[in-house]
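A.B. asks: So for the sequence shown, the numbering used here puts the first residue at 19; every next one is plus one.
Here a beta-carbon is modelled for each residue, glycine too, at the ideal position from N, C-alpha and C.
Let me begin by handing over the structure; questions about it come next.
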Amino acid sequence: MTEGPPKSDTARRASMAMQRARAVHDGWARVEPTERSACLGRMLRKIVLDRDEIVRTICSEAGKTRAEALSSDVLPTLEMLRYLERETARILEPRKAKTPLVFGRASSRVEYRPRGVVVVIAPWNNPFQLSLVPVAFALAAGNTVVLKPSPLARKTAALVGRLCQDAGLAQDALQVEDGGPELAQALIAERPDLVFFTGGPAGGRAVLQVAAKHLIPVILELGGKDPMIVLADADLERVEQAAVYGAFAHAGQHCVSTKRLLIEKPIYGALVDRIGNLTSSLAATGQWGQVVDERAMAVAAEQVREAVADGARLVVPDDLDRAGAEPTLVSDCSPSMRLVQEETFAPVLAVLPFETDAEAVEMANDSPFGLNASVWSSDAARADDVVGRLQTGNACVNNVLINIGNPHLPFGGVKTSGFGRYHGPEGLRAFCVETSVLASRSRRRTEPNWFPHDDNMAEITDELIELRYGEMSRWQRLTGWLRVGRKLTRRGKHL
Ligand code: NAD
Numbered sequence: 019m020t021e022g023p024p025k026s027d028t029a030r031r032a033s034m035a036m037q038r039a040r041a042v043h044d045g046w047a048r049v050e051p052t053e054r055s056a057c058l059g060r061m062l063r064k065i066v067l068d069r070d071e072i073v074r075t076i077c078s079e080a081g082k083t084r085a086e087a088l089s090s091d092v093l094p095t096l097e098m099l100r101y102l103e104r105e106t107a108r109i110l111e112p113r114k115a116k117t118p119l120v121f122g123r124a125s126s127r128v129e130y131r132p133r134g135v136v137v138v139i140a141p142w143n144n145p146f147q148l149s150l151v152p153v154a155f156a157l158a159a160g161n162t163v164v165l166k167p168s169p170l171a172r173k174t175a176a177l178v179g180r181l182c183q184d185a186g187l188a189q190d191a192l193q194v195e196d197g198g199p200e201l202a203q204a205l206i207a208e209r210p211d212l213v214f215f216t217g218g219p220a221g222g223r224a225v226l227q228v229a230a231k232h233l234i235p236v237i238l239e240l241g242g243k244d245p246m247i248v249l250a251d252a253d254l255e256r257v258e259q260a261a262v263y264g265a266f267a268h269a270g271q272h273c274v275s276t277k278r279l280l281i282e283k284p285i286y287g288a289l290v291d292r293i294g295n296l297t298s299s300l301a302a303t304g305q306w307g308q309v310v311d312e313r314a315m316a317v318a319a320e321q322v323r324e325a326v327a328d329g330a331r332l333v334v335p336d337d338l339d340r341a342g343a344e345p346t347l348v349s350d351c352s353p354s355m356r357l358v359q360e361e362t363f364a365p366v367l368a369v370l371p372f373e374t375d376a377e378a379v380e381m382a383n384d385s386p387f388g389l390n391a392s393v394w395s396s397d398a399a400r401a402d403d404v405v406g407r408l409q410t411g412n413a414c415v416n417n418v419l420i421n422i423g424n425p426h427l428p429f430g431g432v433k434t435s436g437f438g439r440y441h442g443p444e445g446l447r448a449f450c451v452e453t454s455v456l457a458s459r460s461r462r463r464t465e466p467n468w469f470p471h472d473d474n475m476a477e478i479t480d481e482l483i484e485l486r487y488g489e490m491s492r493w494q495r496l497t498g499w500l501r502v503g504r505k506l507t508r509r510g511k512h513l
């Protein structure tokens, strides 16, 4: 047997991690869902106790303020763990399904079984939540996990590993493997049973390519360019606070940060001024955090410079050289600008006017992305109508960002923002193989659809199709069923 070329260190490490994960998988999969979720409950309580250390680590790696780390990294994680602690057993209960009459006497059900080993590839921007939450969903579903965190968030990932140990998770049921894209790809080449990737579209495409070679299912949580649509009848005091929070919290480095502000014409000028004033005040406080990725900052600065050269107006800051490095508001943008079309992972908000609801929808949908969106109006029916026409995986009415933290709602994107879901029942079942079972209760020696496939069987099946799907009176249908029933009995006696 040929052994192939020698493995690199990275490939060897990936292979060992995968072997360890496989070795403990059966044991963890056999643990009852109630016990698995109890383990996640212990993790939750440990996080509450250790939160100071966790927050300090998040702040040092992701450039967050303490308030930001607590409210958008730690709190949503706790909420998700509580959800899994309480709901896992119920969601993974086998689900009864109906069995149509033509399938004979049988019962049907769907079982939710663990997939096996899940590779979680995580980004740096919400390093705690975006590592621990997919890991927790995967573990709750009975999988073992190899976590490949961002090289920018090593310490937070190490904490995630320690929390799992402290909660009593079996050795190797979660392994944290430090490394870059090569390690992520080497892990996928080891054929895990599912890959859960959170990051930019370029990384997502690369991961999908490697996974395609081995036909491994992938969930992709990618970037966004979230629109905020403000209708003229909205509560404008709430809108201005929300726009500034949505765009500039964590320096605009949430995947669901507000990036495009679409304002109905009659309120456009006044609202831009008010948001401009608030943006300037916020910039002076430093509460918006800091831009961590210098390349992303350079891209943002370039996008703003290009937009201004093409006729957009820099509202804040007053110096173009600081644009992208601190809260930046650019009004009078047009839909084709790179600042409006491409992802901007920095604190920059592009503003565009619209005249009708239909135009707002068209502008919002004119994007390669479809992650999150918000619609603002005091008329609930009008807001719902606009939401209903948006190409997006998630949406808020009269709020921003917060929907990603509701554990009962599945989360994920459309278009270049990715596919697949986590959170909510759909998100937990996404980490399972859904096995469908049909159990016959028939005591007959044979079934009508089995051999022999003779003229008599064709005639009965033909009549059955007419009876079940054809148009006829109730009386014709009743007598027809009796006739088919008699034919089936006669056939049964002959076979
Ligand atoms: P990134 O894509 O650079 O890295 C994410 C992870 O993928 C890291 O672990 C990295 O090492 C790995 N990776 C990168 N390139 C790879 C490749 N070619 N092959 C295999 N693995 C690769 O993203 P980032 O800078 O860490 O995070 C920011 C990006 O993540 C933004 O685009 C943001 O919108 C997106 N994001 C999306 C969500 C979501 O839920 N949809 C959440 C947070 C962040």
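List the DSSP bridge partners of Ala318.
C.D. replies: Ala318 is not bridged to any residue.
A.B. asks: Using 7 Å as the threshold, is the C-beta distance between Glu195 and Ala35 below it?
C.D. replies: Cβ distance < 7 Å, so Glu195 and Ala35 count as in contact.
A.B. asks: Between which two residues does the alpha helix (DSSP H) harbouring Phe155 extend?
C.D. replies: Per DSSP, Phe155 belongs to the alpha helix (DSSP H) from 147-158.
A.B. asks: My guess is that Ala319 and Leu357 are in contact by the Cβ rule of under 8 Å, so how many angstroms apart are they, rounded?
C.D. replies: Wrong, their Cβ atoms sit about 11 Å apart, outside the cutoff.
A.B. asks: Can you tell me the Cα-Cα spacing of Val366 and Glu344, whole angstroms?
C.D. replies: One C-alpha to the other measures close to 8 Å.
A.B. asks: Taking only heavy atoms of the ligand NAD into account, decide whether any of them is closer than 6 Å to the Cβ of Thr216.
C.D. replies: The answer is yes for Thr216.
A.B. asks: Do Cys273 and the ligand NAD come close, with the Cβ less than 6 Å from some heavy atom?
C.D. replies: Result yes, Cβ under 6 Å from the ligand NAD.
A.B. asks: Spell out a yes or no on whether the segment 304-318 and the segment 171-183 are touching, meaning 3 or more CB-CB pairs, one atom from each, closer than 8 Å.
C.D. replies: No, because fewer than three Cβ pairs between the segment 304-318 and the segment 171-183 fall closer than 8 Å, the two stretches do not touch.
A.B. asks: Measure the CB-CB distance between Glu208 and Leu249 and report whether it falls below 7 Å.
C.D. replies: The answer is no: Cβ separation not under 7 Å.
A.B. asks: DSSP three-state label for Met355, please.
C.D. replies: Met355: coil per DSSP, three-state reduction.
A.B. asks: What are the boundary residues of the alpha helix (DSSP H) that includes Cys182?
C.D. replies: Run containing Cys182: 172-184, per the alpha helix (DSSP H) assignment.
A.B. asks: Does the ligand NAD have even one heavy atom less than 6 Å from the beta-carbon of Pro245?
C.D. replies: No.
A.B. asks: Do Ser55 and Glu103 have their C-beta atoms closer together than 7 Å?
C.D. replies: Going by C-beta atoms, Ser55 is nearer than 7 Å to Glu103.
A.B. asks: Suppose the cutoff is 8 Å on Cβ atoms and the five residues either side in sequence are ignored; what does the same chain contact list for Lys511 look like?
C.D. replies: Excluding residues within five positions, none has a Cβ falling inside 8 Å.
A.B. asks: Kindly provide the ranges of any beta strand (DSSP E) runs that are 3 or more residues long and lie completely inside the segment 28-115, ordered along the chain.
C.D. replies: Runs found: 113-115.
A.B. asks: What are the boundary residues of the alpha helix (DSSP H) that Ser299 is part of?
C.D. replies: 286-303 is the span of the alpha helix (DSSP H), which, as asked, contains Ser299.
A.B. asks: Look at the alpha carbon of Ala330 and the alpha carbon of Pro371, and state the distance between them as a whole number of angstroms.
C.D. replies: Straight-line Cα distance between these residues: approximately 12 Å.
A.B. asks: Helix, strand or coil for Thr20 per DSSP?
C.D. replies: In this prediction, Thr20 scores a pLDDT of 48, lower than 50, which makes its location untrustworthy; the coordinate-derived value is nonetheless stated afterwards. Here Thr20 sits in coil by DSSP.
A.B. asks: Cα separation between Asp5 and Ala107?
C.D. replies: Here the chain covers residues 19 to 513 and nothing more, so residue 5 does not appear.
A.B. asks: Buried or exposed for Trp468, going by 16 or more other Cβ atoms inside 10 Å?
C.D. replies: So Trp468 ends up on the exposed side.
A.B. asks: Do Pro386 and the ligand NAD come close, with the Cβ less than 6 Å from some heavy atom?
C.D. replies: The answer is no for Pro386.
A.B. asks: Per DSSP, what are the beta-bridge partners of Val348 in this structure?
C.D. replies: Val348 is bridged to Leu332, Ala368.
A.B. asks: From the DSSP output, read off the bridge partner residues of Ser3.
C.D. replies: The displayed coordinates of the chain run from 19 to 513. Any statement about residue 3 would go beyond what the structure contains.
A.B. asks: So what does Lys25 bridge to, in DSSP terms?
C.D. replies: Bridge partners of Lys25: none, in fact.
A.B. asks: For the alpha helix (DSSP H) that contains Glu484, what are its first and last residues?
C.D. replies: It spans 473-487 - the alpha helix (DSSP H) in which Glu484 sits, taken as one unbroken run.
A.B. asks: Taking 6 Å as the cut-off, is the CB of Glu239 close to at least one heavy atom of the ligand NAD?
C.D. replies: Under cutoff, so the answer is yes.
A.B. asks: What's the call for Met490, buried or exposed, on a 16-neighbour Cβ count within 10 Å?
C.D. replies: Exposed, since its Cβ has fewer than 16 Cβ neighbours within 10 Å.
A.B. asks: Using the Cα positions of Arg509 and Glu97, report the straight-line distance between them to the nearest angstrom.
C.D. replies: Cα-Cα distance, rounded: 60 Å.
A.B. asks: Enumerate, from N- to C-terminal direction, the unbroken alpha helix (DSSP H) stretches of 4 or more residues contained entirely within the segment 216-275.
C.D. replies: For the segment 216-275, whole alpha helix (DSSP H) runs of length 4 or above, ordered along the chain, are 219-231, 254-266.
A.B. asks: Measuring alpha carbon to alpha carbon, tell me which residue in Leu170, Leu187, Ala457 is nearest Thr117.
C.D. replies: Among Leu170, Leu187, Ala457, the Cα nearest to that of Thr117 is on Ala457.
A.B. asks: At the level of alpha carbons, what is the spacing between Lys25 and Glu200?
C.D. replies: Roughly 13 Å separates the two Cα atoms.
A.B. asks: What does DSSP give as the partner residues of Val163 in its beta bridges?
C.D. replies: Paired residue(s): Val136, Leu192.
A.B. asks: Hey, how far is the Cα of Ser149 from the Cα of Glu484?
C.D. replies: The alpha-carbon atoms of Ser149 and Glu484 are separated by roughly 55 Å.
A.B. asks: Name the two residues that bound the continuous alpha helix (DSSP H) containing Thr497.
C.D. replies: Looking at the DSSP string, the run of the alpha helix (DSSP H) that includes Thr497 is 492-512.
A.B. asks: If you follow the alpha helix (DSSP H) that Glu444 is in, where does it begin and where does it stop?
C.D. replies: Run containing Glu444: 442-447, per the alpha helix (DSSP H) assignment.
A.B. asks: Leaving out the 5 sequence neighbours to the left and right, which residues in its chain are closer than 7 Å to Arg407 when beta-carbon positions are compared?
C.D. replies: So the qualifying residues of the chain are Val379.
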